[in-house]
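Colleague: Residue numbering for the sequence shown follows our numbering, starting at 19 and increasing by one per position. Shown below is the structure under consideration.
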Amino acid sequence: MTQNELQVLVMQISKKYFGLPFKHIARFNTRLKTTGGRYLLASHDLEFNFKMANLPEFEGIIKHELVHYHLHIKQRGYQHKDLDFKKLLAQVGGSRFAPSLKQGQTTRYFWLYCCENGHNIPRKRRFQEKNYRCGQCGEKIRFVGQTSNK
C-alpha cells in the first residue's frame, strides 16, 4: 500500500462511517513499533504503522485514529478516557487496541556457573571466575556451560 492509497482509504472510511470529510494528511511512519497509529494534535495529521497495513484489523486502526481526529476537530473529548471517545469508537466499530506484531519469544542464553558446593549461578554475561566467590557459601566458582531459557 502506498501513501496515496492510504490517503484515499482514510478519506473513504471517514466519509462512510463518520459522514464527515478527512481534510488533512494520512501517512505511514516506519518509526512506529508498538502502536497501530497516532493522531497529531498540532497538525491534525494521522500516522500509521506500515507493518500493520496488510493486517485485517487495519481498518479498525484507521477508525480509531479517525475518532480522535473528528472529536478533536469538534472540540469534544478525544482522549481514550473520555466518554465521547468510547461511545463513538463503539458506534463505528473501531479497534480499542492494536494487534501484537510479535512472532514469538526469542531464545535467551545464559552462562551457567557452579561453586564447589554445587550452588548454580546463572548469569546473562560472562565473568572471570577467579575474581569472584559464591555468594551463598564463599567457595570458588567454576564455569559449567551455556544454557537457554527453554
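No residue lacks a Cβ here, since even glycine has one placed at the ideal position from N, Cα and C.
Report the three-state DSSP secondary structure of GLU157 (helix, strand or coil).
Modeller: coil
Colleague: Counting Cβ pairs closer than 8 Å, one from the segment 96-116 and one from the segment 69-87, do we hit at least three?
Modeller: Contact between the segment 96-116 and the segment 69-87 is present, with at least three C-beta pairs closer than 8 Å.
Colleague: Whole angstroms are fine: how far does the CA of LYS142 sit from the CA of TYR127?
Modeller: 7 Å
Colleague: Return the chain-ordered list of same chain residues with a C-beta closer than 8 Å to the C-beta of PHE103, the five sequence neighbours on each side being excluded.
Modeller: VAL85, HIS86, LEU89, GLY95, TYR96 and GLN97
Colleague: Got a sec? Which residues, its chain only, sit under 7 Å from GLY153 by beta carbon, not counting five neighbours each side?
Modeller: none
Colleague: For THR53 and HIS42, what's the separation of their Cα atoms in angstroms?
Modeller: 21 Å
Colleague: Do ARG151 and ILE159 have their C-beta atoms closer together than 8 Å?
Modeller: yes
Colleague: Distance check for VAL162 and CYS132, CA to CA, integer angstroms please.
Modeller: 6 Å
Colleague: To the nearest whole angstrom, what separates the beta carbons of LEU24 and ARG56, a pair I think is in contact under 8 Å?
Modeller: Rounded, the Cβ-Cβ distance is 14 Å, inconsistent with contact.
Colleague: I need the straight-line Cα distance from LEU27 to GLU83, nearest angstrom please.
Modeller: CA-to-CA, the gap between LEU27 and GLU83 works out to about 13 Å.
Colleague: Identify which residue in ILE31, ASP63 and TRP129 has its Cα closest to the Cα of SER166.
Modeller: TRP129
Colleague: What residues in its chain sit with their C-beta under 6 Å from that of MET29, if we drop five residues either side in the sequence?
Modeller: PHE40
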